Structure formats: structure tokens, C-alpha cells
Amino acid sequence: MIIASTLTTNLAILVLAGFIGFVVISKVPNTLHTPLMSGTNAIHGIVLLGGLLIVGLSGNGTFNKVILVIAIAFGTINVVGGFLVTDRMLEMFKSKPKQGGGDAAGKGEHDGKGTGS
Amino acid sequence: MNGLPLATSFLQNQSFLDVLYIIAFGLFIQGLRGLSGPTTAVRGNRIAAVGMAIAVIATLLNRNEGNWGLIALGIAIGTAVGVPAARRVKMTAMPQMVALFNGVGGGAVFLISWSEFRRYGSTYGSHFVQVNSAFSAVNFHVGGVPTYVAIFSVFAAIVGSVSFWGSNIAFGKLQEIIPGRPISFGSAQQIVNLVLLVLALAAGVDLVAGAHSELLFIGMLVCAALLGNAVVLPIGGADMPVVISMLNAFTGLSAAATGIALNNPALIVAGMIVGASGSILTNLMATAMNRSIPAIIAGGFGGGGAVEGASGAGEHAGTVRSTSAADAAIQLAYANRVVIVPGYGMAVAQAQHAVRELTKELEKRGVEVSYAIHPVAGRMPGHMNVLLAEADVPYDQLKEMDEANPEFGRTDVSLVIGANDVTNPAAKNNPSSPIYGMPILEVSNSHSVIVIKRSMNPGFAGIENELYYEPETTMLFGDAKSAVSEITAELAQL
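Respectively, the protein sequence lines represent chains A and W.
Per my numbering, the very first residue in the first sequence carries number 16; after that it's consecutive.
Per my numbering, the very first residue in the second sequence carries number 593; after that it's consecutive.
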């Protein structure tokens, strides 16, 4: 009973997340598709959490530990590299619209200043 | 009871953890919304990154087990590799980089599944007592993991492995380590793919049913790996953006499957959002190229198309007119309206800054300059925008295809810089062309066309471009960057 409800809850989350992904993404203009792909790419690096969760569990032999360290390293590359690369791409959009869209440019520039990468 | 255990137990409270996860994926969604506009995109990406940091911290807080050293080691290796790679990669090499980052994500997924199999695989299929009721899925949990966990874990392993190897091949092709032209087994290709898929699935089913063999699991991973290779190798470079996007969606789905297997909502939500967004993006790109996704996967671009293109080349040969930088400069200087059509050639030559200089020089002379960007120019959608943005080209000068096409009729000179297939009129005129039906930039409608190109070699799709043989077209052979710089220098002297 408990098993079934965990599964159905997770399936419900899965389906709803799919719809959210669909709605949120379908509004993105062509010009931002490369950064978007890069950004979503970074987000699926969340699989890193899987490695973090199971690396400490009992029953892990040496080989298993090696696999999981590689998995954590892979996940970290995916996350860290993904977000950094996306940020670099978007930096370029930000500095640019000086001549173009007035308020749009101001906003973008404002955002970047405080945070730094 | 002193404060510390209380605090610890509060931080490790499952509800607290869930709240952190909910905050994290709220931030992911907010971040993706931000990515939908140029003004909010930087912030959007950073919001998503904060969400990721929260998810990681929440997970680390909730761990009771040891092995912190291993975690530190893995994260240290990942950071040491990922950060310099992301910092140093050239803007032109972005698509490869995305492919590579996507690949390691898939790699992490299948390694985690493998590890899970090593821990629980011996209980797959053996832990339940099947009850033959109206609902065949009703099983009693006796020990080990529920069947659905095995199913999702095995699914994640297959998809993760396909994504890992497929992405690496895509990287190799874009980096030109592997030839960009399609490599295939010819007509046997689809059978090979199908056999590999069936073998991987059969192994997976056997494992879920309780085969308890690690060798079989490895065999399944190998079949999936070969499938990843076999699917991507035959695909020509022109279709590569679609493939990377598809593999991105695959990795997302496999991460979501891992989330179900590990009962982790953050993985499910983040993975599924990526799966959904990647699918949409894949579809958009395929539509822009008038390619159906099944057709891309089933067989490469090369095949019959390249042969036809070659025969077409024979007919045309000899009618190409070449020009010099000086002539091109004069043509441009006396134009009222110039449209620049950038392509991958501009990207490889790093010519975006030179192009910007040329634009400034022309604007000084009162020439109206804009850029026409095909949705799949370069190797990925938006690739050209990124490069031109890097060179400080004003956003409002970049015109998307639908906006640019009606304007070609009143354009004096179209300057095509390293773009090829996206300007090929065969996509409109020649039903036998493999790119027939793909929307193109209708460059040939403008009064004259100057094409800067290294040689007459066909483009990435391996198809001859009829545009080059048309009477209004002149070719300026050379590296995009030096050719553009030469034109700028000539202009300055006029």
C-alpha cells in the first residue's frame, strides 16, 4: 500500500513537472535557445544528488565507491560547467543592448553588477 | 538536551528537507522563466544555480552516513575539470561544450544506476510475492526494492548510457575529431539500431525479472553504449543541434527516472522539466530544418542527398564568378541597404569582431546594415546571436528569419559570411534535394549577393548550394575574418 502511494505520488510529480517544463519553456525566443539548452543542461546535473545520497550507504564495496566518485565528479562537471558556460553566454547578451532596447538594457546591466560570476 | 542535537535533528528533519527541495525546484522554474527573455536571462540562470546549491546543501544536510571524503573528492575532481573547461571554451565551441556537459550528466546517471544494481540487484524480482488478482501489479514487499524501482533504475541506466555515448560522439563530430559527414552501415543501419535496442531492453527486462547477473547489467550498458554510437554516428553535422537537444532531453528523463528509483522529488522535478523543455526545443529545431525527428534518427542526412548534390555540382560547374575585396568594398559602399547573413564559417574564423568593424565602417557611410539570422545558423539555434552579441552588435540589428525574408527584395547587397545550407534555394526549388522544404533566408531575392567562403566545398550537410551559381552572386574566397578585414580596409580607403 505504502509502496503504491509513493510511486503514484512520484508519478504525479513527474507528470506535473513535465507540464510545467512545457509551459515555461515554450515561451522562449529563438535567440535564447542556445543559452536555454545550456541552462537546462546544467539543471539535469541535479543527478549529482543521486550520487551524494547513495555514496555513503552500506553495502558499498571499493569498486562501487570508485563508480560513485566518478558519478559525483561527472555530476559536478555537469552542474558547475553548465551554469558557468550559460552565464558566459548570457553575459554577452547583457552588455550589448546599449543602443537598442532602452529599459531592457538597463535592467539587464543592473542585474549583473552585484552578483558577479 | 542541549541545543546542538536539537538543531541537528531539525536540519535533518524530513519535512525541512522537503521544504528545501521545494524551494530549490521553485527556483529552477523561476530561473527557466527568466531564461525566456534577454533582459532576465542572466538573473534566471543564476536563480537556477542558487536552486541547485540549495538542493545540494539540503542533500548533504540529510546524510547520516560517512564517506564525506569521497564526496569531497568527487566534487573536487568535477570542479577542477568543469570550471576551467567552462571558463576557457571559446564561444565558437559552445555547442561541443554543451554536448560534453550533457554527456557527463548521462554518464553520472548510468553509473548511479550501476551502483544501485550492485547494492540491490540481487533482490530484483525476488522480493515480492505475486498475488494473482485482477491487478497484476499488486505485489507484496518482502525485502529488497520494489519492482518499479528496478524498472526505473534499469531505464535510467539504458537512457543514461545512450546519452553519454551519443553526446560524446556529437562532441567528437563538432570538434572534428570524428568526420562530420555521416558514417553508417548503410541500409543495415536501422536493423543494427533495432537489434541493439532490443538487446538492451531484453537485458533490462531480464534484470528486472530477477536475473541477478552483473555481467548482464554490464552487457545492457554496452548495448546501450553501442546504440548511442550507432544512432549518432550516421547523423550528418547539419542535424547535430537537433541531436544534442534530443540527448539533453534524454538525460533529463533519465535523471527523472533516477529520481523515482531513489524517491527523490528534486531529481524528479528537475529531470522532468529538462526532459519536457528538451523535447520542445528538439521539435522546434527539427521544424526549422523541415526534418522529422524519426527521419533524423532512422538515417543520416548524407546517403542519397549527397549523391544528388554531387551530380548537381557537375551541371553547374564553371558559372561561379569570384570577386576581390576591393570590388566587394565598392559594392557595399554604394549600397543603401546591406544585410549580413552570418553562418558557421564566421564562427570558426572568429570573424564576429571583424564583421562588427565592417558594419561600423558602413554605417559611417550611411549604409543601413542589419543581420539576418536563420534559426539554425551555425551549429545550434541562437549560436549566431551569442557570437554577434559578443562583438557588441546591437540587439535590434539582429533580424530573425521571418522578419528578414520580406526585406531581401529591397536589399542592395546581401553579404553571406560562411553561411551555406540556410541560403540554399534548392530548399525551395528542388524537390529532390534532401533539404527541400527547409525554410531558408531568401538571399537570392536581393539585388546582389556576395558570398565569403573558404572554397567551393559543400557545407556541413554535404549539399551543393545553387545560390553560388546564380548571376547576381559573386564569391569572395578566403577565410571569413581576413576577407572581412580586407573589405573594411578597402572601405576605409575609398
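For glycine and all other residues, C-beta sits at the position ideal for the given N, C-alpha and C.
Since the structure is predicted, the reported quantities are computational estimates derived from the model, not experimental observations.
{"Check": "Can you find a C-beta in chain A that's less than 9 Å from the C-beta of W:Ile704?", "Outcome": "yes"}
{"Check": "Under 9 Å Cβ-Cβ, which residues of chain A neighbour W:Pro998?", "Outcome": "The contacting residues do not exist; W:Pro998 stays about 17 Å from chain A at best."}
{"Check": "What does the alpha-carbon distance come out to for the pair W:Ile1032 and W:Pro1026?", "Outcome": "14 Å"}
{"Check": "Quick one: what does DSSP say W:Thr631 is sitting in, helix, strand or coil?", "Outcome": "coil"}
{"Check": "Tell me, to the nearest whole angstrom, how far the beta carbon of W:Ile888 is from that of W:Ile827; I am working on the premise that it is less than 8 Å.", "Outcome": "6 Å"}
{"Check": "Pick out whichever of W:Ile750, W:Ala917 and W:Ala1019 has its Cα sitting closest to the Cα of W:Ala817.", "Outcome": "W:Ile750"}
{"Check": "Going by CA-CA distance only, name the one from W:Thr715, W:Leu854, W:Val1076 and W:Leu766 that's closest to W:Gln942.", "Outcome": "W:Val1076"}
{"Check": "Return the residue from the list W:Leu1086, W:Glu1034, W:Arg1046 and W:Lys1073 that minimises the CA-CA distance to W:Glu1062.", "Outcome": "W:Glu1034"}
{"Check": "Whole-angstrom Cβ separation of A:Gly60 and A:Ile87, contact assumed at under 8 Å?", "Outcome": "In fact, because the Cβ distance is near 11 Å, the residues do not count as touching under 8 Å."}
{"Check": "Taking the alpha helix (DSSP H) that W:Phe842 belongs to, which residues open and close that run?", "Outcome": "Met832 to Leu854"}
{"Check": "Just checking my contact of W:Val754 with W:Leu825 at CB under 8 Å: how many whole Å lie between their CB atoms?", "Outcome": "Wrong, their Cβ atoms sit about 13 Å apart, outside the cutoff."}
{"Check": "With DSSP as the reference, identify every bridge partner of W:Leu1007, one or two as the case may be.", "Outcome": "W:Ile932 and W:Ile1042"}
{"Check": "Count the other C-beta atoms from every protein chain shown that fall within 10 angstroms of the C-beta of W:Arg680, then say buried if there are 16 or more, exposed otherwise.", "Outcome": "exposed"}
{"Check": "Is it buried or exposed, A:Ile82, if we count other Cβ atoms within 10 angstroms and call 16 or more buried?", "Outcome": "buried"}
{"Check": "How many angstroms separate the CA atom of W:Gln944 from the CA atom of W:Ser1074?", "Outcome": "11 Å"}
{"Check": "Mark W:Glu907 as exposed unless 16 or more other C-beta atoms lie within 10 angstroms of its C-beta, in which case mark it buried.", "Outcome": "Caution applies to W:Glu907, whose pLDDT of 42 falls short of 50 and renders its modelled position unreliable; the value that the coordinates give is listed next. Exposed, because fewer than 16 other Cβ atoms sit within 10 Å of the Cβ of W:Glu907."}
{"Check": "My guess is that W:Val1014 and W:His966 are in contact by the Cβ rule of under 8 Å, so how many angstroms apart are they, rounded?", "Outcome": "4 Å"}
{"Check": "What residues of chain A sit near W:Ser869, judged by a beta carbon separation below 8 Å?", "Outcome": "Gly36, Phe37, Val39, Ile40, Leu51 and Thr55"}
{"Check": "Suppose you measure from the CA of W:Val787 to the CA of W:Gly1001; what does that come to, to the nearest Å?", "Outcome": "51 Å"}
{"Check": "With a cut-off of 9 Å, does the C-beta of W:Glu1056 fall near any C-beta of chain C?", "Outcome": "Included in the structure are the protein chains A and W, with no chain C among them."}
{"Check": "Specify the secondary structure class of W:Ile965 as computed by DSSP and reduced to three states.", "Outcome": "strand"}
{"Check": "Counting C-beta neighbours from all protein chains within 10 Å, is the total for W:Ala762 16 or more, i.e. buried, or is it exposed?", "Outcome": "buried"}
{"Check": "Check the Cβ of A:Thr21 against every Cβ in chain W and list those closer than 7 Å, keeping chain order.", "Outcome": "Asn855"}
{"Check": "Identify which residue in W:Tyr963, W:Ser1024, W:Met993 and W:Val741 has its Cα closest to the Cα of W:Pro986.", "Outcome": "W:Tyr963"}
{"Check": "Identify whether W:Phe777 lies in helix, strand or coil by the three-state DSSP scheme.", "Outcome": "coil"}
{"Check": "Would you identify the three-state DSSP class for A:Lys80, choosing helix, strand or coil?", "Outcome": "helix"}
{"Check": "Can you list, in chain order, the residues of its chain with a C-beta nearer than 6 Å to that of W:Asp1071? Leave out the 5 residues immediately preceding and following it.", "Outcome": "Ala941"}
{"Check": "Tell me which residue opens and which closes the beta strand (DSSP E) that W:Met739 is part of.", "Outcome": "What sits at residue 739 of chain W in the sequence shown is Thr, not Met. That residue, W:Thr739, is in no beta strand (DSSP E); its alpha helix (DSSP H) goes Thr739 to Leu766."}
{"Check": "Is it buried or exposed for A:Lys128, if we count other Cβ within 10 angstroms and need 16 for buried?", "Outcome": "Since pLDDT at A:Lys128 reaches only 36, below the 50 mark, its modelled position is unreliable, and no value is offered."}
{"Check": "Secondary structure at W:Ser914, three-state DSSP: helix, strand or coil?", "Outcome": "strand"}
{"Check": "Starting from A:Thr101, find everything on chain W with Cβ-Cβ shorter than 7 Å and list it in chain order.", "Outcome": "Asn637"}
{"Check": "Quick one: which residues of the segment 75–91 of chain A get their C-beta closer than 8 Å to a C-beta of chain W? List them in chain order.", "Outcome": "Asn75, Gly76, Phe78, Asn79, Lys80, Ile82, Leu83, Val84, Ile85, Ala86, Ile87, Ala88, Phe89, Gly90 and Thr91"}
{"Check": "Residues bridged to W:Arg1067 by DSSP?", "Outcome": "A small fix is needed here, since residue 1067 of chain W is Met in this sequence, not Arg. Beta-bridge pairing links W:Met1067 to W:Ser914 and W:Val1043."}
{"Check": "From which residue to which residue does the alpha helix (DSSP H) around W:Glu1082 run?", "Outcome": "Ala1072 to Gln1085"}
{"Check": "Please state whether the Cβ-Cβ distance between W:Gly870 and W:Ser846 is less than 9 Å.", "Outcome": "no"}
{"Check": "Please determine if the segment 801–810 of chain W and the segment 829–845 of chain W are in contact, where contact requires at least 3 C-beta pairs separated by less than 8 Å.", "Outcome": "no"}
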